[in-house]
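Here is the structure we will look at.
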Ligand SMILES: Cc1cc2nc3c(=O)[nH]c(=O)nc-3n(C[C@H](O)[C@H](O)[C@H](O)COP(=O)(O)OP(=O)(O)OC[C@H]3O[C@@H](n4cnc5c(N)ncnc54)[C@H](O)[C@@H]3O)c2cc1C
Ligand code: SF4
Ligand code: SF4
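In the numbering used here, the protein residues as written are 922 to 1338.
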């Protein structure tokens, strides 16, 4: 089935994650990323697609193929953890730059590493995302070529972005660059590396988040309207930051300002939006960045065994998954760009237990697609047998039945425009 899938089928069957790599490969004259009526960023095919570039896209599209990490990368050090994947080193920490620590999504781990790579000349550019200057609830794919520009991208954007739309052009330019993006974007780059030898030489660092899923663009509109503001009146929209975790902040052109706490936005249940993530997120084999060099999730404050979201100084984790990632974190700490403290896998289990549930159910969810005769992605090397064993036969069957039910209700169907 994989050899014949076209972009329309990938999109209409809920498999696209909106990375923008297909646009990058064939060029914007043939495929252009744009928002659909569902509020996700998707490729729009403008002309019939020749078979050669479509074969390349099939080999790299994270909607349909993701190959897990190589156990060899932790053969000499660390663990290949059944749930958390390869871990060479793991520490709790933050950016030493107080301003960046305050402004960023958590405490600036990703941006601090990006800035360090630029300052030390290890890369010529950083590929990341930033709020659009003209339309603050939209998110632009950004190529930063200075430390200041990299700093300007510190933020979480809980909405579509197409971060990889410039990758092919940068490979053609011959420059070295780091990518700071979601785990599925990172997976796309790893797959590209298998068909394009330039990737290994020119993209030496992939830095990512833990990811609970990507909401639609509609969520931001609902949040501003909740304040009685129309989207075109908004001059600034910040999901997170300016504190830890920081409020979701709206400013209008006529000077009004509104803040909502993290708990109000995502956990109150009395607001007119939900965490309306795309179907592909529900079958995501790797929302924790197993394929990255460094994953930087939140390090939550725990009370009574649960994360609390009170404002505080905050922390990130630095999970180094490759030798390059381990060296980068160690060098950045040595240079004083970040500060580190010890952190254990037991603490990770507690703080990010939501990701354990998603991991162990993944084989059942993908199986449900196959059983229903739907186009299904190929996720290899994610320790599927161990996941099923950990979940247990009965819960595995329940997870499969639940996904079958949702598929029959059309959960994996998306409009093309
Ligand atoms: C959709 C989404 C879901 C998340 N779910 C979780 C979760 O389940 N658990 C958890 O611990 N953390 C989650 N986070 C991550 C968290 O919000 C922080 O972004 C992360 O801990 C990094 O913090 P930081 O201070 O180092 O980031 P910063 O230094 O502020 O940098 C943020 C980086 O994230 C990248 N980025 C932001 N939004 C997007 C996007 N839409 N697409 C691609 N790249 C993007 C930017 O390019 C930037 O480089 C999520 C973030 C997003 C955007
Ligand atoms: S996942 Fe990325 S490469 Fe695949 S169709 Fe969507 S935008 Fe294109
Ligand atoms: S949950 Fe997975 S597929 Fe969805 S945005 Fe996050 S990393 Fe990508």
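Glycine included, C-beta positions come from ideal geometry on N, C-alpha and C.
Note that this is a predicted model, so its numbers are computed, not measured.
Residues close to ligand 3 by the beta carbon criterion (under 6 Å to any non-hydrogen atom) are, from first to last along the chain, 938, 1103, 1104, 1105, 1132, 1134, 1135, 1201, 1202, 1205, 1208.
With fewer than 16 other beta carbons inside 10 angstroms of its own, residue 1116 counts as exposed. The Cβ neighbour count for residue 1207, taken over all protein chains shown within 10 Å, is at least 16; the residue is labelled buried. Annotation for residue 1301: the continuous beta strand (DSSP E) segment containing it runs 1299–1301. When 960, 958, 981 are compared, the shortest CA-CA separation from residue 928 is found for 981. Membership of residue 1039 in any beta strand (DSSP E) is not indicated; the residue belongs instead to the alpha helix (DSSP H) covering 1030–1040. When the beta-carbon positions are compared, residue 1337 and residue 932 come within less than 8 Å of each other. If you draw a straight line from the Cα of residue 1318 to the Cα of residue 1285, it is about 7 Å long.
Around the beta carbon of residue 1193, a 10 Å sphere encloses fewer than 16 other beta carbons of the protein chains shown; the residue is thus reported as exposed.
Only residues of its own chain outside the window of five on either side were considered, and among them 945, 946 have a CB closer than 7 Å to the CB of residue 1089, listed in chain order.
Positions of the alpha helix (DSSP H) runs, each at least 4 residues long and wholly inside the stretch 929–993, are given as 942–947, 972–981 in order along the chain.
Here residue 1204 carries a coil assignment [DSSP, helix/strand/coil]. Approximately 18 Å separates the beta-carbon atoms of residue 1021 and residue 1126; this is outside 8 Å, ruling out the contact. When rounded, the separation of the alpha-carbon atoms in residue 1299 and residue 1092 is 26 Å.
Listed in chain order, the beta strand (DSSP E) elements of length 3 or more contained wholly in the stretch 1064–1098 amount to none. Taking non-hydrogen atoms of ligand 2 into account, the C-beta of residue 984 is found less than 7 Å away from one of them.
Under the three-state reduction of DSSP, residue 1309 is assigned to helix. With a threshold of 7 Å, the Cβ atom of residue 941 counts as near ligand 2, since some heavy atom of the ligand is closer than that.
Remark: C-beta atoms of residue 985 and residue 943 do not approach each other more closely than 8 Å.
Its chain contains no residue whose beta carbon lies nearer than 6 Å to that of residue 1023 once the 5 sequence neighbours on both sides are disregarded. Selection 1305, 1334, 1291, 940 evaluated against residue 1104 yields 940 as nearest (Cα-Cα). In terms of side-chain proximity, the C-beta atom of residue 928 is found nearer than 7 Å to a non-hydrogen atom of ligand 2. Using a C-beta cut-off of 8 Å, the stretch 1202–1218 makes contact with the stretch 1279–1296, since at least three inter-stretch Cβ pairs fall below that distance. With contact defined as three or more Cβ pairs closer than 8 Å, the stretch 1006–1017 and the stretch 1238–1246 are in contact. Set against 7 Å, the gap from the CB of residue 1218 to the closest heavy atom of ligand 2 is not smaller. At a threshold of 7 Å, residue 1037 does not count as near ligand 1, since its beta carbon sits no closer than that to any of the ligand's heavy atoms.
Relative to ligand 1, residue 1169 has its C-beta separated by 7 Å or more from all heavy atoms. About 6 Å separates the beta carbon of residue 1098 from that of residue 1124, a gap short enough to meet the 8 Å contact definition.
Judged by the Cβ position, residue 931 qualifies as a neighbour of ligand 2 at the 7 Å threshold, a heavy atom of the ligand being closer than this. Residues 1039 of the same chain have their beta carbon placed closer than 8 Å to that of residue 1067, with the five preceding and five following residues left out of the count. Contact between the stretch 1059–1079 and the stretch 987–1004 is absent: fewer than 3 CB-CB pairs across the two stretches fall below 8 Å. The alpha-carbon separation between residue 1084 and residue 1307 amounts to approximately 32 Å.
Rounded to whole angstroms, the separation of the alpha carbons of residue 1158 and residue 1019 is 22 Å. For residue 1188, the uninterrupted alpha helix (DSSP H) run begins and ends at 1183–1188, by DSSP. Judged by DSSP in its simplified three-state form, residue 1006 adopts strand. With a threshold of 7 Å, the Cβ atom of residue 992 does not count as near ligand 1, since no heavy atom of the ligand is closer than that.
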